[in-house]
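The structure under discussion appears below in the form of structure tokens.
There are 2 protein chains.
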Amino acid sequence: MVGHRLGYVIKRTQQVLRSRMDEQLDAVGVTTPQYAALSILEEDQGLSNAELARRCFLTPQTMHKIIGGLEAKRLVERKADPSHGRKINTLLTSEGKKLLKKAHKIVQNIEGEMTSDLTEEEIEETRKNLAQCIESLEDS
Amino acid sequence: MVGHRLGYVIKRTQQVLRSRMDEQLDAVGVTTPQYAALSILEEDQGLSNAELARRCFLTPQTMHKIIGGLEAKRLVERKADPSHGRKINTLLTSEGKKLLKKAHKIVQNIEGEMTSDLTEEEIEETRKNLAQCIESLEDS
DNA sequence: ATTGATTTATCAGTATGCTGATATTATATT
DNA sequence: AATATAATATCAGCATACTGATAAATCAAT
Chain W
0 MVGHRLGYVI KRTQQVLRSR MDEQLDAVGV TTPQYAALSI LEEDQGLSNA ELARRCFLTP
60 QTMHKIIGGL EAKRLVERKA DPSHGRKINT LLTSEGKKLL KKAHKIVQNI EGEMTSDLTE
120 EEIEETRKNL AQCIESLEDS
Chain L
0 MVGHRLGYVI KRTQQVLRSR MDEQLDAVGV TTPQYAALSI LEEDQGLSNA ELARRCFLTP
60 QTMHKIIGGL EAKRLVERKA DPSHGRKINT LLTSEGKKLL KKAHKIVQNI EGEMTSDLTE
120 EEIEETRKNL AQCIESLEDS
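Protein sequence lines correspond, in order, to chains W and L.
Under numbering that gives the first Met the number 0, read the first sequence as residues 0 to 139, first letter to last.
Under numbering that gives the first Met the number 0, read the second sequence as residues 0 to 139, first letter to last.
Structure representation (structure tokens):
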């Protein structure tokens with residue numbers, strides 16, 4: 000039976016988590032990937048599309064579309080890099096910053112729900128083991 | 000920092016796992032969701048589109064497209080249910096069955112790589128904790 | 001038996017996420 | 001300085017994966 004494999008459980012967990020996030024982030028009008036991009040921009044204002052894509056582990060083409068959506072909603076704005084003829088820097092607008100505060104609360108809440116029946120040790124153990132899985136997959 | 004949260008690590012693990020699967024399943028000509036659908040069909044021949052969607056936790060609309068792709072590759076065939084005027088049952092072709100055997104080996108191999116630096120106890124612990132996460136999210 | 005609710009298949013539209021392709025700018029090499 | 005390499009932006013196309021909508025068949029309940 001396929002449902003017993005660790006890979007299956009990882010996939011299913013991500014799927015349910017993503018579903019909850021999309022559901023509840025809808026209240027502030029963004030999707031989960033859009034939230035992720037905004038969060039990275041909050042840590043590092045003015046990243047280019049290519050840099051943002053690398054931070055989110057996405058292709059530049061995918062990130063280009065995500066930024067397009069955020070721009071249409073006026074949550075980010077793009078300005079040509081003064082010291083570079085090709086880079087276009089992306090910046091959070093004040094609306095974007097405001098929205099992000101609400102979004103963070105929503106996501107923290109979901110994460111809290113998710114781990115509500117685990118001890119701190121169990122959470123840390125799981126995090127550590129999954130990090131090891133990532134490393135092993137990347138080395139292979 | 001966002002990179003420290005359990006939800007982030009779950010997402011990243013699933014992303015790398017999916018990437019390895021897409022990469023290596025390409026050798027037999029299927030995508031990861033197509034492989035998943037074929038695997039369910041192997042356990043239960045002749046499921047309808049709606050039933051298959053529920054088993055894979057996908058919408059019927061999404062599954063409809065996936066089956067369409069598999070049908071075009073002659074890995075499955077669809078036959079009207081004799082005792083039902085609307086259901087269309089999906090069955091693995093002999094090519095589908097043959098391909099699935101190779102695909103299973105590929106996926107088992109990747110899963111083995113992924114967990115190669117974990118003990119059986121760590122794998123079981125991780126599986127159990129993630130299953131708890133799913134339950135908590137579903138209850139919320 | 002007719003009505004009403006559910007199930008199923010499937011069309012259309014949007015948002016990811018990928019590969020492939022192209023053009024432009026920067027950078028490194030000679 | 002000229003050329004090759006790399007980085008960046010962005011177009012197009014395909015495969016998921018979602019919601020919304022519609023039509024047809026089944027089932028439940030009077």
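Note that CB positions come from ideal geometry on N, CA and C, so glycine has one too.
Note that this is a predicted model, so its numbers are computed, not measured.
Candidates the options: closest to residue i by CA position
i: residue 112/W; options: 54/W, 19/W, 68/W; result: 19/W
i: residue 69/L; options: 136/L, 27/L, 11/L, 13/L; result: 27/L
i: residue 75/L; options: 61/L, 90/L, 62/L; result: 90/L
i: residue 6/W; options: 129/L, 139/L, 136/L; result: 129/L
i: residue 24/L; options: 106/L, 136/L, 39/L; result: 106/L
i: residue 200/L; options: 49/L, 17/L, 54/L, 22/L; result: With chain L running from 0 to 139 in the structure shown, residue 200/L is simply not present.
i: residue 4/W; options: 136/L, 138/L, 137/L, 108/L; result: 108/L
i: residue 138/L; options: 42/W, 115/W, 21/W; result: 115/W
i: residue 98/W; options: 12/W, 21/W, 77/W, 29/W; result: 29/W
i: residue 92/W; options: 17/W, 9/W, 41/W, 22/W; result: 41/W
i: residue 15/L; options: 104/W, 56/W, 100/W; result: 56/W
i: residue 64/W; options: 32/W, 95/W, 54/W, 46/W; result: 32/W
i: residue 36/W; options: 96/W, 12/W, 8/W, 127/W; result: 96/W
i: residue 102/W; options: 54/W, 34/W, 126/W, 52/W; result: 34/W
i: residue 77/L; options: 54/L, 46/L, 53/L; result: 46/L
Under 9 angstroms by beta carbon: chain W residues contacting residue i
i: residue 102/L; result: None at all; the shortest Cβ gap to chain W is about 12 angstroms.
Closer than 7 angstroms at the beta carbon, the chain W residues around residue i
i: residue 14/L; result: 56
i: residue 211/L; result: Residue numbering for chain L in the displayed model covers 0 to 139; residue 211/L lies beyond these limits and cannot be assessed.
Per-residue burial, residue i [other beta carbons within 10 Å of its own, 16 or more giving buried]
i: residue 59/L; result: exposed
i: residue 67/L; result: exposed
i: residue 110/W; result: buried
i: residue 61/L; result: exposed
i: residue 44/L; result: exposed
i: residue 10/L; result: buried
i: residue 79/W; result: exposed
i: residue 73/W; result: exposed
i: residue 71/W; result: exposed
Residue i at chain L interface by Cβ criterion, 7 angstroms
i: residue 128/W; result: yes
i: residue 105/W; result: no
i: residue 61/W; result: no
i: residue 70/W; result: no
i: residue 6/W; result: yes
Within chain L, the residues that residue i reaches when beta carbons sit closer than 8 angstroms
i: residue 9/W; result: 9, 12, 13, 16, 129
i: residue 119/W; result: What residue 119/W touches in chain L: nothing, since even the nearest Cβ is about 11 angstroms away.
i: residue 116/W; result: 131, 134, 135
Beta carbon proximity, residue i to chain W, threshold 7 angstroms
i: residue 50/L; result: no
i: residue 135/L; result: yes
i: residue 53/L; result: no
i: residue 25/L; result: no
i: residue 125/L; result: yes
i: residue 139/L; result: yes
i: residue 19/L; result: yes
i: residue 110/L; result: yes
Contact list for residue i against chain W, beta-carbon separation under 8 angstroms
i: residue 22/L; result: Simply none; closest approach about 11 angstroms.
i: residue 65/L; result: Residues of chain W passing the Cβ test: none, with the nearest at roughly 15 angstroms.
Amino acids of chain L, ordered along the chain, whose beta-carbon sits closer than 9 angstroms to that of residue i
i: residue 122/W; result: 5, 128
Checklist entry - How about the region 115 to 129 of chain W and the region 81 to 88 of chain W: do they share at least three Cβ pairs that are nearer than 8 angstroms? => result no
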